[in-house]
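Under the working numbering, the first residue of the sequence shown is numbered 258, with each subsequent residue one higher. All C-beta atoms in this analysis are idealised placements derived from N, C-alpha and C, irrespective of residue type, glycine included. As the structure is a computational prediction, the values presented were derived from the model and not from experiment. Below you'll find the structure, written out as structure tokens, and then a few comments.
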Amino acid sequence: MTDRLIRTLTSCFAELLFQIEKADEEMINSDFSVKLMEFVGAELQDIDEKSASDLLAIVKQIADAEKNKEKKEFLKNFAENFGLVA
């Protein structure tokens, strides 16, 4: 895959997770959103250290460029929230 494709997919992935995280009960069922977030966290636990590092580097780039404070904070906490820190 190209770097551009990986960055674009990571950006889409991060946006989707952010929207799930901030959605209220009227937008999305909370049980459903928790299951999705738990699934993502579990899947991310299975990636190797290099892949996790690459993913987090891209998420950091996206966070650094983000203007929305709430989304920027979500992205800055991405590693911790999804168990990607030792």
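### Query
Which residue from Phe270, Ser308, Lys307 and Ala309 puts its Cα closest to that of Leu293?
Looking up residue 293 in the sequence shown gives position 36. Answer by Cα proximity: Phe270.
### Buried/exposed call for Ile263, threshold 16 Cβ in 10 Å
The residue given as residue 263 occupies position 6 in the sequence shown. Exposed.
### Message
If you measure between the beta carbons of Leu341 and Ala320, is that distance less than 8 Å?
### Response
Residue mapping note: residue 341 aligns to position 84 of the sequence shown, counting from 1. Residue mapping note: residue 320 aligns to position 63 of the sequence shown, counting from 1. Contact flag unset, no.
### Query
Apart from the five residues just before and just after Thr265, which ones in its own chain have a Cβ nearer than 8 Å to its Cβ?
Indexing the sequence shown from 1 puts residue 265 at position 8. Nothing meets the Cβ criterion.
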